[in-house]
Amino acid sequence: TRYLIIYVAIIGAVALIYNRLPTSFLPGEDQGTVIVNIQLPAGATAERTVDVMKQVEDFVLKQPEVSSMVGVVGFSFSGQGQNAALAFITLKNWNERTKPEQHADAVAGRIMGATMSVRDAFIFALSPPPIPELGVSSGFSVRLQDRGSLGHDALVNARNTFLGMAAQSPILAQVRPDGLEDAPQIRVDIDRDKANALGVGFDSINTTLSTAMGSAYVNDFPNRGRLQRVVVQADAPSRMQPDDLLKITASNDLGQPVPLSAFATVSWVNGAQQTVRYNGYPAMKISGAPAPGYSTGEAMAEVERIISQLPEGFGYEWTGQSYEEKQAGSQSLILYSFAILAVFLCLAALYESWTIPLAVILVVPLGVIGVLLATLMRGYANDVYFQVGLITVIGLSAKNAILIIEFAKDLQAEGKGIIEAALEAAHLRFRPIIMTSLAFGLGVVPLAIATGASSASQRAIGTGVLGGMFTGTVLAVLFVPVFFVVVRTLFKGKPTPPPTTTAPAGTAGVDHHA
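So, in structure tokens, the structure goes:
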């Protein structure tokens, strides 16, 4: 009875710790690189962007962990434009960065803190995600959607409201919009009737504007042994002011030049530099990370809470790594159930019984409690590697129970009592259980204390398996005999068939009864 009470307490502890364990998808890995996303205000020139890049470079290259840096102007994770830039920082080898303050996350945080004084740009230092195909940075990524057709301005206001609320949350950090902000634009209004009357077609107008304000490739020509391109574009002084547009001429049907001022007007408007749609809805890209001490699961729950406070008509969808985390979290209990079911069915086929496997399955919480405690003590989260380790411990715990129950079942079949058979089986198999568990546990120790490349995932899976092996081995020796006695007492098996012998010829048969 005492053991059963303790067992029920262990099950309660498992349920309590599992529900309180923070959730995540994958642990952040130090991949030896840091990415710096630079975003200047809308309309900023390339010269201003280059100046900011030089300030970032001056600080980054002074860090002892940095090996090199490559900066790209005109492109970033937010989009393309002369006010966007991206820097790729390569760190030194992992064996030269053994201290926690030398890891990629620490370097990224140091860069963030130092570049906050740059007033001309928003600068975010990011660690690449563990899986490159799932987003561009670690943390979370969400799409705020306009599901009520409220318009672009309402969507921008909702995004700004969300960012303001997120900035006040202690659970979230580095929450930022991933996109180009609205900027002043020149609007050209064309009077179609006047253009048609003058014989100017829209193809001609489009070609003229795109060539003069942008550029157009003409052909190639040889120059001193090299083949060079001919690109046509209006001279810089001729495209500096809005009125310069009206001085450009477009050819009509007769090939005569007609100035745009004859049928067009220009005006300043504030328009979107970038439009995003996600699953058919106008959307805003928002990314961020959990604050120190919190997991991505807690951060995602906080994001959902904040979005629920926005006005009606706005929704959200997770994307990238956050989407995979959401899917994995909803399927974990189903995964565990199928793992236990597979073990049960295999044991039922092995023992040709539906009751004896119960004594084996009851040992599962004894290993799970070790996985949970080890994960909680090291500050890790319920992620994919935790789930892999938990399923591994389920099988290993069942293996230890099988070693005892198999012998106990045979001893009982030989005529010994249930309690006597269980105790003798535990005594006989004690040394093999300890030796096999010790061998496996020592093999997992290098994973639990791994350092360097991919060390976070190794520590995550090694910690859980090592803790589960410890409790699953120590407690199994004490509890498995109790499980066998309880199950065999509640579900009495079929009586053992009496052995029969064949009488010699010419003699009468003798019945032997057990």
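In terms of this note's numbering, the sequence shown has 268 at position 268, counting the first letter as 1, and numbering is strictly consecutive. We treat Cβ as the ideally placed atom computed from N, Cα and C, and that holds for glycine.
Handout entry: Rounded separation between G280 and S149 - CA only
Key = 11 Å
Exercise for the section: Compare the beta carbon distance of G32 and V56 with 9 Å and say whether it is the shorter of the two. Expected result: no
Problem - Collapsed DSSP secondary structure at A9 in the structure displayed - result: helix
Practice task
Leaving out five residues on either side along the sequence, give the residues of the same chain with a beta carbon under 6 Å from the beta carbon of Q273.
Solution key: L180 and A183
Practice task
Please confirm if the segment 437-446 is in contact with the segment 354-370, defined as three or more CB-CB distances below 8 Å between the two stretches.
Solution key: no
Problem - N-terminal and C-terminal residue of the alpha helix (DSSP H) that V218 is part of - result: Element bounds for V218: not the alpha helix (DSSP H) but the beta strand (DSSP E), A216 to N223.
Practice task
Within 10 angstroms of the Cβ of K409, are there 16 or more other Cβ atoms? Answer buried if so, exposed if not.
Solution key: buried
Problem - From S454, F75 and G395, residue whose alpha carbon lies closest to that of N95 - result: S454
Practice task
Check whether the Cβ atoms of A426 and P481 lie closer than 9 Å to each other.
Solution key: yes
Practice task
Specify, as a first and last residue, the run of the beta strand (DSSP E) that M213 falls within.
Solution key: Neither: M213 is in no beta strand (DSSP E) and is coded neither H nor E.
Handout entry: Given 8 Å, three or more beta-carbon pairs between the segment 418-432 and the segment 471-490
Key = yes
Problem - Y217 classed as buried or exposed, judged by whether at least 16 other C-beta atoms fall within 10 angstroms - result: exposed
Handout entry: Span of the alpha helix (DSSP H), counted from its first residue to its last, around N196
Key = R192 to A197
Problem - 4 or more residues per run - each alpha helix (DSSP H) lying fully within the segment 397-468 - result: 418-428 and 430-448
Problem - Closest Cα partner of N196 within the set A476, Y3 and D253 - result: D253
Exercise for the section: For D518, count neighbouring C-beta atoms within 10 Å of its own C-beta (all shown protein chains included) and say buried if the count is 16 or more, exposed if not. Expected result: Here the chain covers residues 1 to 514 and nothing more, so residue 518 does not appear.
Exercise for the section: Compare the beta carbon distance of I394 and V343 with 9 Å and say whether it is the shorter of the two. Expected result: yes
Practice task
Can you have a look at V8 and say buried or exposed, based on whether 16 or more other CB atoms are within 10 angstroms of its CB?
Solution key: exposed
Exercise for the section: Give the range of the beta strand (DSSP E) segment to which V34 is assigned. Expected result: T33 to Q39
Exercise for the section: Report yes if the CB atom of D120 is closer than 9 Å to the CB atom of V52, and no otherwise. Expected result: yes
Problem - Residues bridged to V230 (per DSSP) - result: N219
Exercise for the section: Using a threshold of 9 Å, state whether the C-beta atoms of N37 and A125 are closer than that. Expected result: yes
Problem - Where I123 sits in the DSSP three-state scheme - result: strand
Practice task
Using 10 angstroms around the beta-carbon of I306, count the other beta-carbons present and answer buried if the total reaches 16, otherwise exposed.
Solution key: buried
Handout entry: Of the listed residues Y385, I6, V474 and M469, nearest to L524 (C-alpha basis)
Key = Since the first residue shown for the chain is 1 and the last is 514, residue 524 is missing from the structure and cannot be characterised.
Problem - For A85, the residue or residues it bridges with in DSSP - result: I38 and V73
Problem - Beta-carbon separation (whole angstroms), L411 vs P432, contact threshold 8 Å - result: Rounded, the Cβ-Cβ distance is 16 Å, inconsistent with contact.
Problem - Proximity to D193 [Cα-Cα], best of A262, Q458 and D153 - result: A262
Exercise for the section: Kindly indicate which three-state DSSP category T1 falls into: helix, strand or coil? Expected result: coil
Problem - Sequence-distant residues of the same chain with beta carbon closer than 7 Å to D383, five excluded per side - result: S24, F25, L26, P27 and A460
Problem - Range of the contiguous beta strand (DSSP E) that encloses I286 - result: Y281 to P290
Practice task
Have a look at L64 and A108 and give me their C-alpha separation to the nearest angstrom.
Solution key: Reading off the sequence, residue 64 comes out as Pro, not Leu. So the two alpha carbons sit approximately 13 Å from each other.
Handout entry: Three-state secondary structure assigned by DSSP to S322
Key = helix
Problem - Cβ-based neighbour list, L310, same chain, cut-off 6 Å, excluding 5 preceding and 5 following - result: A158
Handout entry: Beta-carbon spacing of F75, A85 below 9 Å
Key = yes
Problem - Short Cβ contact (9 Å threshold) for S595 with A154 - result: With the chain running from 1 to 514 in the structure shown, residue 595 is simply not present.
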